[in-house]
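Participant:
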Amino acid sequence: MKRFAGWSLASPATLAVVIFLVLPVVATIITTFLTPAGPLAPYIGFFGSGFRRTVLWRTIQVSLITTVIALFIGFITAYVVSRSPGWLKSILIIAAVFPLLTGVVVRSFAWMIILGKNGILNSALVGSGIIAEPMTMLYTQGAVIVAMVYLFVPLMVLTLVGVLESIPDDLIQASASLGAKPMATFTQVILPLAVPGLIVGAVLVFTGSFTAYATPQLLGGESQMVMGTLMYQQAMVTFDWVSASTIAAIMVVITIAIVLLMTRVAKRLNPMAV
Amino acid sequence: MTTKLHPALIAFTALVFVFLIGPLIIVVGAALSDTTYLTFPPQGLSLRWFENIFAISAFRRTIITSLQIAFLSTFIALLIGIPAAYALNRYRVQLPGWLSTLFVLPILVPELVLGFSLLKNVAVQFNAPIYLSLVVGHSLLVLPYVVRVISASLASFDFSIEEAAISLGSPPLKTFFTILLPNVRSGVIAAFILSFITSINDVSISIFLTGPGISTLPIQILAHMEQFFDPTVASVSVLLMALTVAVMAIVERTLGLTFLAK
Numbered sequence: 001m002k003r004f005a006g007w008s009l010a011s012p013a014t015l016a017v018v019i020f021l022v023l024p025v026v027a028t029i030i031t032t033f034l035t036p037a038g039p040l041a042p043y044i045g046f047f048g049s050g051f052r053r054t055v056l057w058r059t060i061q062v063s064l065i066t067t068v069i070a071l072f073i074g075f076i077t078a079y080v081v082s083r084s085p086g087w088l089k090s091i092l093i094i095a096a097v098f099p100l101l102t103g104v105v106v107r108s109f110a111w112m113i114i115l116g117k118n119g120i121l122n123s124a125l126v127g128s129g130i131i132a133e134p135m136t137m138l139y140t141q142g143a144v145i146v147a148m149v150y151l152f153v154p155l156m157v158l159t160l161v162g163v164l165e166s167i168p169d170d171l172i173q174a175s176a177s178l179g180a181k182p183m184a185t186f187t188q189v190i191l192p193l194a195v196p197g198l199i200v201g202a203v204l205v206f207t208g209s210f211t212a213y214a215t216p217q218l219l220g221g222e223s224q225m226v227m228g229t230l231m232y233q234q235a236m237v238t239f240d241w242v243s244a245s246t247i248a249a250i251m252v253v254i255t256i257a258i259v260l261l262m263t264r265v266a267k268r269l270n271p272m273a274v
Numbered sequence: 275m276t277t278k279l280h281p282a283l284i285a286f287t288a289l290v291f292v293f294l295i296g297p298l299i300i301v302v303g304a305a306l307s308d309t310t311y312l313t314f315p316p317q318g319l320s321l322r323w324f325e326n327i328f329a330i331s332a333f334r335r336t337i338i339t340s341l342q343i344a345f346l347s348t349f350i351a352l353l354i355g356i357p358a359a360y361a362l363n364r365y366r367v368q369l370p371g372w373l374s375t376l377f378v379l380p381i382l383v384p385e386l387v388l389g390f391s392l393l394k395n396v397a398v399q400f401n402a403p404i405y406l407s408l409v410v411g412h413s414l415l416v417l418p419y420v421v422r423v424i425s426a427s428l429a430s431f432d433f434s435i436e437e438a439a440i441s442l443g444s445p446p447l448k449t450f451f452t453i454l455l456p457n458v459r460s461g462v463i464a465a466f467i468l469s470f471i472t473s474i475n476d477v478s479i480s481i482f483l484t485g486p487g488i489s490t491l492p493i494q495i496l497a498h499m500e501q502f503f504d505p506t507v508a509s510v511s512v513l514l515m516a517l518t519v520a521v522m523a524i525v526e527r528t529l530g531l532t533f534l535a536k
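Those sequence lines, one after another, are chains A and B. The first sequence maps to residues 1 to 274 in our numbering. The second sequence maps to residues 275 to 536 in our numbering.
1. Buried or exposed: where does K181(A) fall if 16 or more other Cβ atoms within 10 Å of its Cβ makes it buried?
2. Three-state secondary structure (DSSP) at L178(A)?
3. Tell me the DSSP bridge mates of S340(B)?
4. Can you find the residues in the same chain that come closer than 6 Å, C-beta to C-beta, to S489(B), ignoring five residues on each side of it along the sequence?
5. Determine the direct distance from the alpha carbon of E437(B) to that of A214(A), and round the result to whole angstroms.
6. Are at least three pairs of beta-carbons, each pair with one atom in the region 494-505 of chain B and one in the region 402-417 of chain B, less than 8 Å apart?
7. For Q317(B) and chain A, any beta-carbon pair shorter than 8 Å?
8. Quick one: what's got a C-beta closer than 7 Å to T59(A)'s C-beta in the same chain, skipping five residues either side?
9. Do Y139(A) and Q224(A) have their C-beta atoms closer together than 8 Å?
10. Between the C-alpha atoms of L100(A) and L155(A), what's the straight-line distance to the nearest angstrom?
11. Residues in the region 276-288 of chain B with C-beta within 8 Å of chain A's C-beta atoms, listed in sequence order?
12. Roughly how many angstroms separate the alpha carbons of V105(A) and G116(A), rounded to a whole number?
13. If you pair each beta-carbon of the region 110-125 of chain A with each one of the region 288-305 of chain B, do three or more pairs fall below 8 Å?
14. Of all the CB atoms in chain B, is at least one closer than 8 Å to the CB of V68(A)?
15. For the 8 Å Cβ check, are there 3 or more pairs between the region 38-51 of chain A and the region 169-181 of chain A?
16. The alpha helix (DSSP H) with H412(B) in it runs from where to where?
17. With G48(A) as the anchor, note down where its alpha helix (DSSP H) starts and where it stops.
18. According to the neighbour-count rule (16 or more other Cβ atoms, all chains shown, within 10 Å of its Cβ), is G6(A) buried or exposed?
19. Among residues of its own chain, excluding the 5 on either side of L74(A), which ones have a beta-carbon nearer than 7 Å to its beta-carbon?
20. Does DSSP put G485(B) in a helix, a strand or coil?
21. Check whether the region 339-347 of chain B touches the region 470-484 of chain B, counting contact only when three or more Cβ pairs, one atom from each stretch, lie closer than 8 Å.
Written out as structure tokens, the structure is:
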């Protein structure tokens, strides 16, 4: 009876996810194995193309660099926020939430204004005589990474503040009073306790950058194509749906593999958490 | 007594917040500019670009579409998500463990893949109206937020209160509205707001499910940018930021913003 009640309440949402997410996505992946050219043909085609391999490698590279930078910036920021007095902490959290709630288009657009040929950074650099000619900053890998870091730092900060707040001050002071230098307290007390949070943050940022569309499109353009923009181009510009489905399948597999791998790593490092 | 922070750490954090907020201030500046091209600091203040948003019919249309889609999909997600979250908490033992994982799937599966799959296997395959597919896509996108936030507020709810009401003769539906809902009210508000904002800002799903005649605001912004790189986009961005501020004010009033860090 109870089992029935539980299922009947959960069934509308369950059906919605199964019918409109699981089945369509599985169907997309299955079609890549059912092409007239043979079951693995689309994948052989993908990995056989130097251009596509470059795109995949670029996407992994951009996502990894973004993740590392966001971890570094986010961790220090979250640590300071978590140790700030109450009123300041609230203000800082609001300041981190605000960009997070501002959409990805607006946030990428902001960087287009900054990094453009006649953008703010170039005007400032030329105006102050540091450089003679405006530099090309937009449509480079650097631009994509800066904007991605901008996108994900707030997420990282908010993920880590909760984790770092739960480390008692007493513990940090105990470490210091036992003679540990700040750096030792950091590496031996704070860092190990923050690992589960760092892993969650890293997974969110990596998978988010790996599958991003708007930011690489706006700041990287054609020359910095990544998996997301290539998939869109294949689906909506060249209408090669088999190729788009193949890219989709590769994105799903890599995303889920990363999540599973990191969950396992987190469990091994800290069996109590996760 | 709190831990002392090294001045270098404080300086670094201050710079990070300049990095986080600075670009958004620049967008506001650009929106107020008097010139036809984007500059900062603005040369002469003007509100003409705000007027321009409403002069362009495509923007007017997409603002309305985006609001409709956000309301509809949030409503649907709440309608199916609240009972699901309730079931997951109340009948935890009776339901299989994978069920809660299922409701996280929309976050796990890349949005682009979901958008493309909905286009390919639902909209085109079954000739479903694009508007409907857009609502379905957005409902799925926001469902995990609803389930997670409502579950979090149910975690502290004592189900024996509800059982007491039922054993005293209160009908289930009445119990739901008079006992349960008031207890998770703040969770519902939070879920509504998060979902609404997520839907309004979505690009990755919408980009596949918009076409001639129907588009959402972020997609229209992208399209506009390809043709004109003028301050209109900045002023639309400011409108979206104003919406965000309004939403944050509501969250602050009802829950306190630190809630979002949990």
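By construction, the Cβ of each residue, glycine as well, lies at the ideal position given by its N, Cα and C atoms.
Facilitator: Checking against the coordinates, here is how it stands:
1. K181(A) comes out exposed.
2. Residue state for L178(A) is assigned as coil, using DSSP reduced to three classes.
3. By DSSP's assignment, S340(B) forms no beta bridge with any residue.
4. Excluding residues within five positions, the ones whose Cβ falls inside 6 Å are T336.
5. Taking the straight line from one Cα to the other gives about 49 Å.
6. Not touching, per the Cβ criterion.
7. False, the Cβ-Cβ gap to chain A never drops below 8 Å.
8. Taking T59(A) as the centre and dropping the five residues before and after it, the same chain places the C-beta of F210, V226 and M227 closer than 7 Å to its C-beta, in chain order.
9. For Y139(A) and Q224(A), yes; Cβs fall inside 8 Å.
10. Using only the alpha carbons, I get a separation of about 7 Å.
11. Answer in chain order: T276, T277, L279, H280, L283, I284, F286 and T287.
12. Linking V105(A) to G116(A) through their CA atoms gives a straight-line distance of about 16 Å.
13. Touching, yes.
14. By the rule that beta-carbons nearer than 8 Å mark a contact, V68(A) does not touch chain B.
15. Contact check between the region 38-51 of chain A and the region 169-181 of chain A: fewer than three CB pairs, one atom from each, fall below 8 Å, which does not count as touching.
16. Per DSSP, H412(B) belongs to the alpha helix (DSSP H) from I404 to A429.
17. Per DSSP, G48(A) belongs to the alpha helix (DSSP H) from A41 to G48.
18. With at least 16 other beta carbons inside 10 angstroms of its own, G6(A) counts as buried.
19. Residue identity differs from the one stated: residue 74(A) is Gly in this sequence, not Leu. Excluding sequence neighbours, G74(A) sits near V153, M156, V157, L160 and G201.
20. Note: G485(B) maps to strand in three-state DSSP.
21. Contact between the region 339-347 of chain B and the region 470-484 of chain B is present, because at least three Cβ pairs lie under 8 Å.
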